[in-house]
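Residue numbers (my numbering), protein chains in the order written: chain A, 14 to 129; chain B, 1116 to 1228. Glycine residues also receive a C-beta, built at the ideal position from the N, C-alpha and C atoms. The structure under discussion appears below in the form of structure tokens.
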């Protein structure tokens, strides 16, 4: 298996532009997680899905952020409009866990977002 | 609420010496505990986990961790450090009935030759 795939790996955009980050989880995994990592705040959970359904989006910073999972093999995280403070590395992770949180998560390589 | 604390921002150790990276947790009920490692410009990689059973858990790359319920700790250990072990280490906790992990802020491990 190729592992969790994220695209793009790097994104540089100007303030106010729309940004879409993409994730393909490991085949057969039924849970998907989006995280944001910054030096100041560390690793933050933004949202997670179980069987394509959003379970908890309380970590999403504000209405400018939205996430979708239209099917078991694809998810997007969208920021519209983007702001410089959104600059961070965004990770997608998947697991077999479903409602069982004893399963480890597998992380993608991340998307480094820079908003100027 | 559930949380983990990693009290050390950085741990320095000489190659060949034993290493310990500390983690304490807070959770209602019995915890699931995890250690992940992050190399530069990479995603987090799973090292090991404690679910139940033996308090000493063995994981990848020669790492192990000891679950101590009375001290609510889950310290990561390795008998002999390698320079290639230098990375950022994250402890994480989940409650039995929860879905998501709460990660610590990470500890940077530097192993010098």
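Cβ-Cβ distances below 6 Å link residue 29 of chain A to 94 in the same chain, with the five nearest sequence neighbours on each side left out; the list follows chain order. In chain order, 60 place their CB closer than 6 Å to the CB of residue 70 of chain A, counting only its own chain and leaving out the 5 sequence neighbours on each side.
A direct Cα-Cα distance of roughly 10 Å separates residue 1190 of chain B from residue 1140 of chain B. Membership of residue 87 of chain A in the beta strand (DSSP E) is indicated by the continuous run 87-92.
The alpha-carbon of residue 99 of chain A is positioned some 42 Å away from that of residue 1169 of chain B. Using a Cβ-Cβ cut-off of 8 Å, residue 83 of chain A does not count as an interface residue toward chain B, since no Cβ of chain B sits closer than that to its own. Interface annotation, residue 117 of chain A: in contact with chain B, CB-CB separation under 8 Å. For residue 128 of chain A, the enclosing beta strand (DSSP E) stretches over residues 124-128.
Inter-segment contact for the segment 1197-1211 of chain B and the segment 1117-1125 of chain B is present: three or more beta-carbon pairs are separated by less than 8 Å. Counting along the chain, residue 1227 of chain B sits inside the beta strand (DSSP E) bounded by residues 1222-1227.
Shown here for residue 1131 of chain B: same chain residues with a beta carbon closer than 6 Å to its own, the five before and five after excluded, namely 1195 in chain order. Closest in C-alpha terms to residue 127 of chain A, from the list A/80, A/24 and A/86, comes A/24. Annotated as proximal: residue 1216 of chain B and residue 1149 of chain B, with beta-carbon spacing under 8 Å. 55, 56, 57, 58, 61, 63, 68, 69 and 72: these are the residues of the segment 55-89 of chain A whose beta carbon lies less than 9 Å from some beta carbon of chain B, given in chain order.
Relative to the Cα of residue 67 of chain A, the nearest Cα in the group A/75, A/79 and A/92 belongs to A/79. Around the Cβ of residue 1173 of chain B, a 10 Å sphere holds fewer than 16 other Cβ atoms; the residue is exposed. DSSP, reduced to helix, strand and coil, places residue 97 of chain A within a helical segment of the structure shown. For residue 1184 of chain B, the closest of B/1219, B/1178 and B/1171 by C-alpha to C-alpha distance is B/1171. Close partners of residue 1209 of chain B in chain A (Cβ separation under 7 Å): 114.
Nearest neighbour of residue 52 of chain A by Cα position, chosen from B/1226, B/1142, B/1151 and B/1219, turns out to be B/1219.
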